[in-house]
Amino acid sequence: MGKIILTGDRPTGKLHVGHYVGSLRRRVELQNSGQFDDIFIMIADAQALTDNADNPEKVRQNIIEVALDYLACGLDPEKSTLFIQSQIPELCELSFYYMNLVTVSRLQRNPTVKSEIQMRNFEASIPVGFFTYPISQAADITAFKATTVPVGEDQLPMLEQTKEIVRKFNSVYGEALVEPEILLPDNKACLRLPGTDGKAKMSKSLGNCIYLSEEPEEIQKKVFSMFTDPTHIKVTDPGKLEGNTVFTYLDAFCKDEYFGEFLPDYNNLQELKDHYTRGGLGDMKVKRFLNNVLQAELEPIRNRRKEYQKDIPYVYDVLKKGSEKAEAVAAQTLKEVKEAMKINYFDDHELIQSQAERFS
Ligand code: ATP
Ligand code: MG
Numbered sequence: 010m011g012k013i014i015l016t017g018d019r020p021t022g023k024l025h026v027g028h029y030v031g032s033l034r035r036r037v038e039l040q041n042s043g044q045f046d047d048i049f050i051m052i053a054d055a056q057a058l059t060d061n062a063d064n065p066e067k068v069r070q071n072i073i074e075v076a077l078d079y080l081a082c083g084l085d086p087e088k089s090t091l092f093i094q095s096q097i098p099e100l101c102e103l104s105f106y107y108m109n110l111v112t113v114s115r116l117q118r119n120p121t122v123k124s125e126i127q128m129r130n131f132e133a134s135i136p137v138g139f140f141t142y143p144i145s146q147a148a149d150i151t152a153f154k155a156t157t158v159p160v161g162e163d164q165l166p167m168l169e170q171t172k173e174i175v176r177k178f179n180s181v182y183g184e185a186l187v188e189p190e191i192l193l194p195d196n197k198a199c200l201r202l203p204g205t206d207g208k209a210k211m212s213k214s215l216g217n218c219i220y221l222s223e224e225p226e227e228i229q230k231k232v233f234s235m236f237t238d239p240t241h242i243k244v245t246d247p248g249k250l251e252g253n254t255v256f257t258y259l260d261a262f263c264k265d266e267y268f269g270e271f272l273p274d275y276n277n278l279q280e281l282k283d284h285y286t287r288g289g290l291g292d293m294k295v296k297r298f299l300n301n302v303l304q305a306e307l308e309p310i311r312n313r314r315k316e317y318q319k320d321i322p323y324v325y326d327v328l329k330k331g332s333e334k335a336e337a338v339a340a341q342t343l344k345e346v347k348e349a350m351k352i353n354y355f356d357d358h359e360l361i362q363s364q365a366e367r368f369s
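The number in this note's numbering is simply the position in the sequence shown, starting from 1, with 9 added.
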């Protein structure tokens, strides 16, 4: 059996550096590794509508933003299938059947959904679609027989839910679905990159993001006003690294060669950290270094994005072709699912024959 990737993003805004270190950077590496038979990258507009039902224009506008970010980061339509979730109706059909395999209490236990409900003030009025999105995610993953799902840590409960559905389906109806594995970033700082405000997660919905397409002045402004260690007041004070967003970002982005280029007094990040915790190193110096690192990382992405922005019809065409290919694959899986569930009445000659005999 081949190795297949499925992953994606909700078109609720432009992509940010949290997406980049949590999943996007890895996707591009995996794409270029040549180790995968198929790579499906989905813009999850139907999922985005589950908590933006009254704002479809937001979702519609952001599809192109996400697609541009994909291409800018190096996802290559020749190697990866980029597609739009809502264009694959088979996904809804799969979700509908999977719903019978999951209990309400199981959905209620999902910690990511729990915290997202809180964040959106949905407590008293959770849309059913939002509540069940982990099931639709299982449909997305299994429709493409994905073996590998590279995502950030917040997706762990979704993958667990998917695996449970796969096991249940296969045990009830016979082996038709493939059980996927989550691929988390191996760098701890990238599992769940905090926002510039130091809050738990950089998230489009929280407005604490540095976007991949951000202009240099904006990046600098955001880095300079970043959350650090509130007890590190004088330069001579010893500083703390834990919960210090500037250092978390350095953990996520810094390469040793950046020291030679931007901060030659140190050889590597450990030396900089040691100086900070000893005392005698000011926040501004570290922030200036982080700014240089981020500028170096984001400049090529921003420039490539500007090139693709010149040919928007091409980008929509990439998504259209990708959606056509994705639909063909999902349709084949749905066919197999219906065969396994024995709801393929008209293709089942044995059924027709045996019913004919029964009534003869
Ligand atoms: P929303 O607020 O609309 O949910 P989001 O910023 O959480 O948006 P998603 O589209 O839900 O982004 O997530 C897309 C992918 O990026 C997922 O794989 C998710 O795990 C990953 N991701 C999102 N935010 C972060 C983060 N701060 N750090 C690491 N990975 C992240
Ligand atoms: Mg999210």
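Glycine residues also receive a C-beta, built at the ideal position from the N, C-alpha and C atoms.
- The way I'd put it, the region 355-367 doesn't touch the region 154-168; fewer than three beta-carbon pairs between them come closer than 8 Å.
- Between the ligand ATP and Gly31, a heavy atom-to-CB distance of less than 6 Å is present.
- DSSP places Gly17 inside the beta strand (DSSP E), whose first and last residues are Ile13 to Asp18.
- With respect to the C-alpha of Asp206, the residue from Gly252, Glu224 and Asp246 having the closest C-alpha is Gly252.
- The beta carbon of Met350 sits no closer than 6 Å to any heavy atom of the ligand ATP.
- Per DSSP, Leu303 is one residue of the alpha helix (DSSP H) stretching across Asp292 to Gln318.
- The beta carbon of Leu328 sits closer than 7 Å to those of Ala76, Leu91, Phe92 and Ile93, all from its chain and outside the five residues before and after it, given in chain order.
- Contact between the region 201-220 and the region 235-252 is present: three or more C-beta pairs spanning the two stretches fall below 8 Å.
- Secondary structure of Leu221 (DSSP, three-state): coil.
- A straight line joining the alpha-carbon of Phe45 with that of Ile13 spans about 6 Å.
- DSSP places Pro159 in the strand class (E or B) of the three-state scheme.
- Assignment of beta-bridge partners to Leu192 by DSSP yields Pro159.
- Bridge partners of His284 according to DSSP: none are assigned.
- With a threshold of 6 Å, the Cβ atom of Leu84 does not count as near the ligand ATP, since no heavy atom of the ligand is closer than that.
- Contact between the region 53-65 and the region 14-26 is present: 3 or more CB-CB pairs across the two stretches fall below 8 Å.
- Around the beta carbon of Lys315, fewer than 16 other beta carbons lie within 10 angstroms, which makes this residue exposed.
- Only residues of its own chain outside the window of five on either side were considered, and among them Phe262 have a CB closer than 6 Å to the CB of Glu306, listed in chain order.
- Residue pairing by DSSP places Ile242 opposite no residue, since no beta bridge is assigned to it.
- In the structure shown, Phe368 adopts coil according to DSSP, grouped into three states.
- Here His25 is bridged, per DSSP, to Tyr220.
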